[in-house]
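Residue numbers (this note's numbering), protein chains in the order written: chain A, 20 to 467; chain B, 6 to 362.
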């Protein structure tokens, strides 16, 4: 294995691991705050137990995510010094602001966890909200750095050196908005369905704990709304890619030949050698409509680019299909869930519906992984689109395959341990105790 | 080479974040080192002692431990945004110690989470986490010491990234990526940082325990004080023997003498404080000693960021990013500081106050 491939895989493993924790860190605090608010308003003891259960989730995932996030800040330089040497000063703003947001998140979480009975109940609830807001902010800021890699702005590139660096313009790069909206919705969708799936699982296993139906409604509502909005955001993002990174869009769709009335390819296995696709369904003029709102629009194909500038078409196309397929399924399931909540509450306890939720629990995360594969592999062979190739950013230190092996083993160990620990956490959920008299009194005291 | 106002602000935050990391993160790592070195690690007689140590350590760390470890990210971000040349030298020529430090951070961090939050008590699993937690806690400061020593000992090549067209292509992998950080001076510095972190934790824990356990903890803190003094002397000796460039300069520098004086007298004062009940005075003095050690190191090497082969140097100012970046970063850091520092103060005070009933 070449050092370049090993380094790319190491980055993929580290990011693929962290992205799950990051998504949870962005959304779980809001679930917690929703349950907490319900408890403060109604005094419902199950809402309190749920708040405590989800708080534990927030704390554990945040602590693990802090570690995998630290790893990424090291890996950027360890693996891609050629990139960081030039990009560091240009995209310093998103990274430093992200650090600040992350710090605020850690502080707010500390205050929230140890603030029970120690600070005013209302203020305490707000610190929980701040955890979520700061988590969202740090996610959105990191996406600015990635958006910059797709749409580099805020500098002039001359003879391999950046001149006239403008960090603010780099922060506000054109890909930022579409990418962050898409990722935020993806996180709400993934975490909403995953949490709903866990509680659906416990209900199917016969738990009569009244905490679970309540949890299911909160999480499913959040995931469903995000899932219904996501296709719109995906459309917006794809139009942006079509305008700025035509080779990437062509790889999404395995669109080899530049043409008017370009078809939309559903499914299929592309073959880069013969530049053809097997087993796909082609919707006439579909791609032209989606990319440019015009059935007669010309869509640039991969043939417009030198072969050396093609992203790996098969990987990108397959990942894109997985993402879109899961997105469609979750939007349908979410639509059904919202309908049931409003008009047919009994459906929510139906074994078939619960079963569908359980099976769909990991899908949102799979879609996130696929989506990042689409945007990262789709940008290849560039690390800074049109400016610097990934191979020119690679560390000169040999033996990267050992780095890959060590980190894969490390993350595998952590992944297995975390899963194992989570099973125990979930099993213990029903043993959560209702609020003590002190806590109930503390919350009531400030409400009056 | 006059530093601009924004460069000064950025530099101040870099020093602040390193100091905070060594102080807060250091005490956290120290807890793991203490567990590792607690006497009779395996004997059943000390199970109670170790459990008390662990519980006290967890009590001391739990709510703030994420915050304590964010400082290294802050320092790293400042480094790659504001001083990209310094960062690139570290990332390539000091690739291996940086990677090992990261492995330590990951092991320690995740092991702490699993050990602290896991429900139920499975002794064999618990032991695995303990080994990883303690091992990681020792590995990070050891590599941290290597990095600090390697940047200042004059072994780095002036070319950060070697390419095949380069005329200064290094003869071997060893020479390029191992030799810059391997040696007696870096190794002794690594041991010194381990001892310093363990000592910080030992001093901190005295105030967390009571009764006979406190007496024990106080004796332990005194033992670590001796270890730190001996290893501090060893670092000085190794620097002298190896002919480390800044060492000669430092012998003419009064700030270095001042810092040395503050550190040693602080240590002596602390020795007496450890026999009293003045928890917070003890802790503040310990923090002051660490500050003096860092100030001494900083005073000796500043304004040089990298000591290169053949006596060449790269100063922080030479390695700085464009002015626009410095201004934007300085503004960000000031705003972030205005949010984070009061927040942290609130968190620490809240956590150290007893729960209201």
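Heads up, the beta-carbon is just placed ideally off N, CA and C, and yes, glycines get one too.
CB contact below 9 Å: residue 177 of chain A versus chain B: Locating residue 177 of chain A in the first chain gives position 158, where the first residue counts as 1. Chain B, which has no Cβ nearer than 9 Å to the Cβ of residue 177 of chain A, makes this no.
Using CA coordinates, which residue listed in B:118, B:202, B:87 is at the minimum distance from residue 147 of chain B? Position 142 of the second chain, counting from 1, holds the residue named residue 147 of chain B. Checked all of B:118, B:202, B:87; the closest Cα to residue 147 of chain B is B:202.
Which bits of chain C does residue 349 of chain B rub up against, with CB to CB less than 7 Å? Any reference to chain C falls outside this structure, whose protein chains are A and B.
With DSSP as the reference, please indicate the residues paired to residue 290 of chain A in a beta bridge. Locating residue 290 of chain A in the first chain gives position 271, counting from the first residue. In the DSSP output, where bridge partners are listed per residue, residue 290 of chain A has A:295.
Checking contacts by CB at 9 Å: is residue 149 of chain B closer than that to chain A? Taking the second chain and counting its residues from 1, one reaches residue 149 of chain B at position 144. It does not; no Cβ of chain A falls within 9 Å.
Output, in sequence order along the chain, the residues in the stretch 325-355 of chain B whose CB is closer than 8 Å to any CB in chain A. Listed by position along the chain: 326, 327, 329, 330, 333, 334, 337, 338, 340, 341, 344, 345, 348, 349, 351, 352, 355.
Taking all protein chains shown into account, decide if residue 18 of chain B is buried (16 or more other Cβ within 10 angstroms of its Cβ) or exposed. Here residue 18 of chain B corresponds to residue number 13 of the second chain, with the count starting at 1. In the assembly as shown, residue 18 of chain B is a buried residue. Its beta-carbon has 16 or more other beta-carbons within 10 Å.
Show which residues of chain A have a CB atom less than 8 Å away from the CB atom of residue 97 of chain B. The residue given as residue 97 of chain B occupies position 92 in the second chain. Neighbours of residue 97 of chain B on chain A, chain order: 100, 414, 415, 416.
Going along chain B in order, which residues have a C-beta closer than 9 Å to the C-beta of residue 89 of chain A? Counting from one through the first chain, the residue named residue 89 of chain A turns up at place 70. Residues of chain B passing the Cβ test: 74, 75, 77, 78, 81, 107, 110, 111, 114.
Could you give the DSSP three-state label for residue 110 of chain A: helix, strand or coil? Counting from 1 along the first chain, the entry for residue 110 of chain A is found at position 91. Residue 110 of chain A falls in the coil class under three-state DSSP.
Have a look at residue 49 of chain B and residue 360 of chain A and give me their C-alpha separation to the nearest angstrom. Indexing the second chain from 1 puts residue 49 of chain B at position 44. Indexing the first chain from 1 puts residue 360 of chain A at position 341. Legend: pLDDT at residue 49 of chain B = 49, less than 50; position of this residue unreliable, no value from coordinates given.
What in chain A is Cβ-close to residue 93 of chain B, meaning under 9 Å? Here residue 93 of chain B refers to the residue found at position 88 of the second chain. Under the 9 Å cutoff, chain A gives 96, 100, 101, 103, 104, 107.
Would you list, in chain order, the members of the stretch 169-193 of chain A that have their beta-carbon closer than 7 Å to a beta-carbon of chain B? Result list: 184, 185, 186, 187.
Taking a contact to mean a Cβ-Cβ separation below 9 Å, would you say residue 334 of chain B touches residue 330 of chain A in this structure? By one-based count along the second chain, residue 334 of chain B stands at place 329. By one-based count along the first chain, residue 330 of chain A stands at place 311. It is not a contact, given that the beta carbons lie outside the stated cut-off.
Note down, in chain order, each residue of its chain lying with its Cβ closer than 6 Å to the Cβ of residue 169 of chain B, except the 5 sequence neighbours on either side. The residue labelled residue 169 of chain B in the question sits at position 164 within the second chain. Any reading at residue 169 of chain B must be qualified, since the residue scores a pLDDT of 48, below 50, and its modelled position is unreliable; the value itself is stated next. So no residue of the chain qualifies.
Answer yes or no: do residue 45 of chain A and residue 151 of chain A have a C-beta to C-beta separation smaller than 9 Å? Stepping through the first chain from its first residue, residue 45 of chain A is reached at position 26. Stepping through the first chain from its first residue, residue 151 of chain A is reached at position 132. Closer than 9 Å, so yes.
DSSP three-state label for residue 314 of chain B, please. As a first step, residue 314 of chain B is located in the second chain; it is residue number 309 there, counting from the start. The answer is helix: DSSP assigns residue 314 of chain B an H, G or I state.
Residue 234 of chain B, DSSP secondary structure in three states: If you number the second chain from 1, residue 234 of chain B lands on position 229. Residue 234 of chain B falls in the helix class under three-state DSSP.
Integer Cβ distance of residue 219 of chain A from residue 377 of chain A, believed to fall under 8 Å: Your numbering for residue 219 of chain A matches position 200 in the first chain. Your numbering for residue 377 of chain A matches position 358 in the first chain. Sure, about 5 Å apart at Cβ, within 8 Å.
For residue 440 of chain A, decide whether its Cβ has a neighbour in chain B, counting only Cβ atoms nearer than 9 Å. Residue 440 of chain A sits at position 421 when you count from the first residue of the first chain. Cβ-Cβ to chain B under 9 Å: yes for residue 440 of chain A.
Cβ closer than 9 Å: which chain A residues qualify as neighbours of residue 36 of chain B? The residue you call residue 36 of chain B lines up with position 31 of the second chain. Those do not exist, as residue 36 of chain B stays about 16 Å from chain A at its closest Cβ, beyond 9 Å.
Close-in-space but distant-in-sequence residues of the same chain around residue 141 of chain B (CB under 6 Å, 5 per side omitted): Numbered from 1 along the second chain, position 136 holds the residue referred to as residue 141 of chain B. Once the five neighbours on either side are set aside, the close Cβ partners of residue 141 of chain B are 109, 112, 113.
Measuring CB to CB, does residue 78 of chain B end up less than 9 Å from residue 414 of chain A? Sequence index remark: in the second chain, residue 78 of chain B carries index 73 (1-based). Sequence index remark: in the first chain, residue 414 of chain A carries index 395 (1-based). No, these two residues do not count as a Cβ contact at 9 Å.
Using only CA atoms, which one of B:80, B:244, B:199 lies nearest to residue 155 of chain B? For the purposes of this step, residue 155 of chain B is taken as the residue at position 150 of the second chain. Of the listed residues, the one whose Cα sits closest to residue 155 of chain B is B:244.
Would you say residue 20 of chain B reaches chain A, if we count a Cβ-Cβ gap shorter than 9 Å as a contact? What you label residue 20 of chain B is simply residue 15 of the second chain in a count that begins at 1. Output row for residue 20 of chain B: interface = no.
If we ignore side chains and look at the alpha-carbon of each, how far apart do residue 165 of chain A and residue 195 of chain A end up? In the first chain, counting from the first residue as 1, residue 165 of chain A sits at position 146. In the first chain, counting from the first residue as 1, residue 195 of chain A sits at position 176. Straight-line Cα distance between these residues: approximately 8 Å.
So, is residue 192 of chain A buried or exposed, given that buried needs 16 or more other C-beta atoms within 10 angstroms? Numbered from its first residue, the first chain carries residue 192 of chain A at position 173. Looking at its Cβ environment, which holds 16 or more other Cβ atoms inside 10 Å, residue 192 of chain A is buried.
Listed by chain order, chain A residues near residue 89 of chain B by CB distance under 7 Å: Residue numbering aside, residue 89 of chain B sits at position 84 when the second chain is read from its first letter. Simply 103, 104, 107, 108.
Helix, strand or coil at residue 136 of chain A [DSSP, three-state]: Stepping through the first chain from its first residue, residue 136 of chain A is reached at position 117. In this structure, residue 136 of chain A counts as coil in the three-state DSSP scheme.
Residue 71 of chain B touches chain A at which residues, Cβ-Cβ below 8 Å? One-based indexing of the second chain puts residue 71 of chain B at position 66. Those are 81, 82, 85, 125, 128, 129, listed as they occur along chain A.
Need the endpoints of the beta strand (DSSP E) that residue 112 of chain B sits in, please. Translated into the one-based positions of the second chain, residue 112 of chain B becomes position 107. Where residue 112 of chain B is concerned, there is no enclosing beta strand (DSSP E), although the alpha helix (DSSP H) it sits in stretches over 100-122.
On a CA-only basis, which of A:444, A:373, A:154 is nearest residue 38 of chain A? Give me that one, please. Here the question's residue 38 of chain A lines up with position 19 in the first chain. For the residues A:444, A:373, A:154, the minimum Cα distance to residue 38 of chain A belongs to A:154.
Does the Cβ-Cβ distance between residue 92 of chain B and residue 81 of chain B come in under 9 Å? Your numbering for residue 92 of chain B matches position 87 in the second chain. Your numbering for residue 81 of chain B matches position 76 in the second chain. Yes, the pair counts as a contact, with Cβ atoms nearer than the cut-off.
Inspect the beta-carbon positions of residue 204 of chain A and residue 245 of chain A and report whether they are closer than 9 Å. Working through the first chain from its first residue, we reach residue 204 of chain A at position 185. Working through the first chain from its first residue, we reach residue 245 of chain A at position 226. Judged by their CB atoms, residue 204 of chain A and residue 245 of chain A are nearer to each other than the 9 Å cut-off.
In the structure shown, what three-state DSSP assignment does residue 301 of chain A receive? Here residue 301 of chain A corresponds to residue number 282 of the first chain, with the count starting at 1. In this structure, residue 301 of chain A counts as strand in the three-state DSSP scheme.
Check whether chain B comes within 9 Å of residue 436 of chain A, counting only Cβ atoms and requiring the distance to be less than that. Start at 1 with the first residue of the first chain, and residue 436 of chain A comes out as number 417. Yes, because at least one Cβ of chain B sits closer than 9 Å to the Cβ of residue 436 of chain A.
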